[in-house]
Amino acid sequence: MQKFMASAVVLVAVLGASGCEKKDAAGSATPQLGAVAIIDLDVIAARLGSDKQIVDAIARRQTALSQKVAELARAYSQQITEKKQSLSAQTPPTDGVTLAAFEQAATANLEKVKLQAAQDLSSHKTQLVRQFREQIRPVARQVARQRGLSVIVTKNDSVVFDFAGGVDITDSVVNAMLATATTDNQQTPQPASR
Numbered sequence: 044m045q046k047f048m049a050s051a052v053v054l055v056a057v058l059g060a061s062g063c064e065k066k067d068a069a070g071s072a073t074p075q076l077g078a079v080a081i082i083d084l085d086v087i088a089a090r091l092g093s094d095k096q097i098v099d100a101i102a103r104r105q106t107a108l109s110q111k112v113a114e115l116a117r118a119y120s121q122q123i124t125e126k127k128q129s130l131s132a133q134t135p136p137t138d139g140v141t142l143a144a145f146e147q148a149a150t151a152n153l154e155k156v157k158l159q160a161a162q163d164l165s166s167h168k169t170q171l172v173r174q175f176r177e178q179i180r181p182v183a184r185q186v187a188r189q190r191g192l193s194v195i196v197t198k199n200d201s202v203v204f205d206f207a208g209g210v211d212i213t214d215s216v217v218n219a220m221l222a223t224a225t226t227d228n229q230q231t232p233q234p235a236s237r
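This is how it looks when you write it as structure tokens:
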């Protein structure tokens, strides 16, 4: 019921704001308190290539973490083998207990490292997404203000049922980001050719 009410509130805000745009004396839009803009971050990421960059960065981190876990597993396996060999020379009955305890400790440590690696990967993914969102935020805010919109909602079918096309700022944000990237590339000094 709460999800329905939240969705209804957002829907009412979106529908109410879709035609709300006041112009000042110069004819530019002034932001209306509560006027809602819709942005599709998935589309922006795809059009800017950020989605592939994020996936590649996550894959690189996962590969590095997997290699570390595999190296640790090999090291533990080698230690267990060495322990077995050293104990096979002496065969008192308590040595089997010592070896089993050593194997259990090695297995527990390896599982702990695997869990930490999974948490690290998840944290890395969250950080990359947050960085992407922070990169988009000022441009989205500027585009929304230019259209007289003061609230930006990410497009999400479970929250936003429908909206007027005029409040979707996705394409304008992509164009602004591309224009900024082009300007930045032109201002970057190029190495002198020899």
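No gaps in the numbering here: position 7 of the sequence shown is 50 in the numbering used here, and each next residue is one more. Where a beta carbon is used, it is the ideal one built from N, C-alpha and C, also for glycine.
Residue i burial status per 10 Å Cβ neighbour count (16 or more: buried)
| i | result |
| --- | --- |
| Phe206 | buried |
| Gly77 | exposed |
| Val217 | buried |
| Ala80 | buried |
| Leu221 | exposed |
| Thr213 | buried |
| Val98 | exposed |
| Gly191 | buried |
| Ala224 | exposed |
| Leu158 | exposed |
| Ala183 | buried |
| Ala187 | buried |
Cβ distance (whole Å) where residue i is taken to contact residue j below 8 Å
| i | j | result |
| --- | --- | --- |
| Lys127 | Leu142 | 6 Å |
| Leu164 | Gln105 | 6 Å |
| Ala149 | Gln122 | 7 Å |
| Ala116 | Leu153 | 6 Å |
| Ser93 | Phe175 | 5 Å |
| Thr197 | Leu84 | 6 Å |
Bridge-paired residues (DSSP) for residue i
| i | result |
| --- | --- |
| Thr197 | Ile82 |
| Asp211 | Ile81 |
Residue i versus the options, residue with shortest Cα-Cα distance
| i | options | result |
| --- | --- | --- |
| Ala219 | Asn152, Ile87, Asp99 | Ile87 |
| Ala161 | Lys111, Ile82, Phe145, Gln174 | Lys111 |
| Ser166 | Ala89, Ala100, Asp83 | Ala100 |
| Ser193 | Arg180, Ala151, Arg103, Ser201 | Arg180 |
Proximity test, residue i beta-carbon vs the ligand ADP heavy atom, cut-off 8 Å
| i | result |
| --- | --- |
| Asp214 | Among the components of this structure there are no ligands whatsoever, and the ligand ADP is therefore not found. |
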